[in-house]
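Be aware that the sequence shown starts at 17, since it is given in our numbering, and climbs by one per residue.
Just so you know, even glycine gets a beta-carbon here, dropped at the ideal spot from N, CA and C.
Everything numeric in this text was worked out from a predicted model, so none of it was measured.
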Amino acid sequence: MKTSETDVLVVGGSLVGLAAAMFLSWRGVRVTLVEKHAGSSAHPRAVGYTARTMELLRAVGIADQVPAAPEGFRLRRIRVESLAGKWFDESAWTDDGPTVMPSPERGAAVAQDHLEPLMRARAIELGADVRLATELVSFRQDADGVTAAVRPRGGEEASIHAKYMIAADGTRSPVREQLGIGRTGRGGMRVLRSVLFKAPLDEYLASGIAQFQINQPDFQAFLTTYHDGRWVLFLHDDREHTNDELLAAIHRALGRTDLPIEILTTGRWELSALIADRFTEGRVFLAGDAAHTLPPSRGGFGANTGIEDAHNLAWKLAAVLDGTAGSRLLETYDAERRPIAWLRHDQIFARQDYKAEAAGHGATTIYPDIALELGQLYRSSAVIGASPDLPPAATPDEWCGQPGTRAPHLWLAPTLSLLDVLQRGWVVLSDDRRWGAQTVRIDAKTLAALGLSPGGAALVRPDGYIAWRSPTFASPSALADAIATCTH
């Protein structure tokens, strides 16, 4: 059997797998990705992407290819008799968000099957070996790496040896199952059937509402749009429907029968909320739905959480592979990302959309969306000084450079954010050159935003999170010690 070598094998080529391949390749890591399907799903799934996801796409050079959501956009949901019938009450989510976005980017509302080709093309451009219509047959791992057998559709089985493997192979994850990793959480909730269709319905979007809970005495459904002429209707049952039945259901949801309807495809969805008991086993890492399945929500906690999984893991793998960090750094992936998955799991069931289905789950404190997007806190051995009394999340304006938080966005020039000088490597932010050659000079305003006095410094990791800070000047050896502690 022919064997090829790579640094990282990514299993699964949807959003999270593509994100992993893209972020790793951007950092110069050799990546091979295998995806059993020949392309993106015919039924788009995710449609909303947070400002944080857009910051990550900005760093690798494709954010400007993704249509930004309108200024002040937020997903609004309303209960209606039908689209053309009576509209009742709008259901609350959290808040309207900040008046000034603490990010150089806004969120995006674009169908997953439109975003994936952009990510796939960028990953390939950066050097990733992307193999579509290729399935993982088996794998084994040892102290030196992971050896996988893969089979292209209609072709012969081949072997890939990788130093590490990322499983982004979905909620049923055969990789996770083989590793024997269990899951806990709210669990299975219900099964939905859906129909994707095209219809000229833009007139109903003028109010800014894009999600409609259909409420009729004998017909309950959910209707939303991908903002490109395509709509999806979710039916609260689990059976196959004939084309005539689907058309009748669409007509009931619309409250009219005079429009041309083009049915595109159907889907079956198992709603669940489950978090893997661990995100890593040896040299294999779980990401995205393989690590955490979260029901669709207006916070965008599914796809966006998975994309940030991939980003968190990519810089750590790159550092270990190039020898600038010890393998212990990889342990911080589980330590940092699994609590975030649980935080978002519990936030979903504390909020109005799923509160009735919480079944004993849910948080006692509800954090604003912007806190979960841009203000989450990491605690691990790759962070020094994340005080135990800090909350798991807070709005960006409530943070002041604490270790474990995302470095703040501040404009350094009309189109240059502080975030734009981060993410390539370790960066020291200070107004004092005595900290060393990797220091990026900052002004008094930025010092204050980081909780620093003149001469102080903040050490920022390659993912843009603050690893350590010294409020005032200290010996540069303290900085060297902090880097060594965080990377070994």
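DSSP places R457 inside the beta strand (DSSP E), whose first and last residues are 455-457.
DSSP places K179 in the strand class (E or B) of the three-state scheme. Secondary-structure assignment with DSSP links R93 through a beta bridge to S107, Q227. Annotation for A58: T281 place their beta carbon closer than 6 angstroms to its own, counting only its chain and skipping 5 residues before and after. For V248, the pairing in a beta bridge is given by DSSP as L212, T240.
About 12 angstroms separates the CB atoms of G420 and A474; that is not less than 8 angstroms, and the two are not in contact. Under the three-pair Cβ rule at 8 angstroms, the segment 377-386 does not count as touching the segment 317-330. A straight-line Cα-Cα distance of about 18 angstroms links G170 and I176.
Around the beta carbon of L393, a 10 Å sphere encloses 16 or more other beta carbons of the protein chains shown; the residue is thus reported as buried. In the same chain as I78, and ignoring 5 residues on each side of it, the C-beta atoms closer than 6 angstroms to its own belong to L134, R138, in chain order. For secondary structure counted as the alpha helix (DSSP H) over 4 or more consecutive residues, the segment 423-476 holds these complete runs in sequence order: 460-465. Excluding the 5 residues flanking it on each side, D129 has same chain C-beta neighbours closer than 8 angstroms at S56, S57, A58, P60, in chain order.
The three-state reading of DSSP puts G391 in coil, since its state is none of H, G, I, E or B. Among the bridge pairs identified by DSSP, A84 is matched with A124. Taken through DSSP and simplified to helix, strand or coil, S313 comes out as coil.
Taking a 10 Å sphere around the C-beta of D218, we find fewer than 16 other C-beta atoms and assign the residue as exposed. Using a Cβ-Cβ distance cut-off of 8 angstroms, the segment 175-195 and the segment 24-35 are in contact, since at least three pairs of beta carbons, one from each stretch, lie closer than that value. The shortest C-alpha to C-alpha distance from A374 to any of E87, S288, G304 is the one to S288. In this structure, S433 lies away from P83, with their beta-carbon atoms at least 7 angstroms apart.
Three or more Cβ pairs drawn from the segment 287-302 and the segment 200-216 lie within less than 8 angstroms of each other, which places the two stretches in contact. The continuous beta strand (DSSP E) containing W285 extends over residues 278-292.
Taking the Cα of P311 as reference, the smallest distance to any Cα among P355, F365, E261, T348 is reached at F365.
Separation of D23 and W247 (C-alpha to C-alpha, rounded to the nearest whole angstrom) is 41 angstroms.
About 24 angstroms separates the CB atoms of V399 and R299; that is not less than 8 angstroms, and the two are not in contact. Taking the Cα positions, H377 is about 15 angstroms away from P355.
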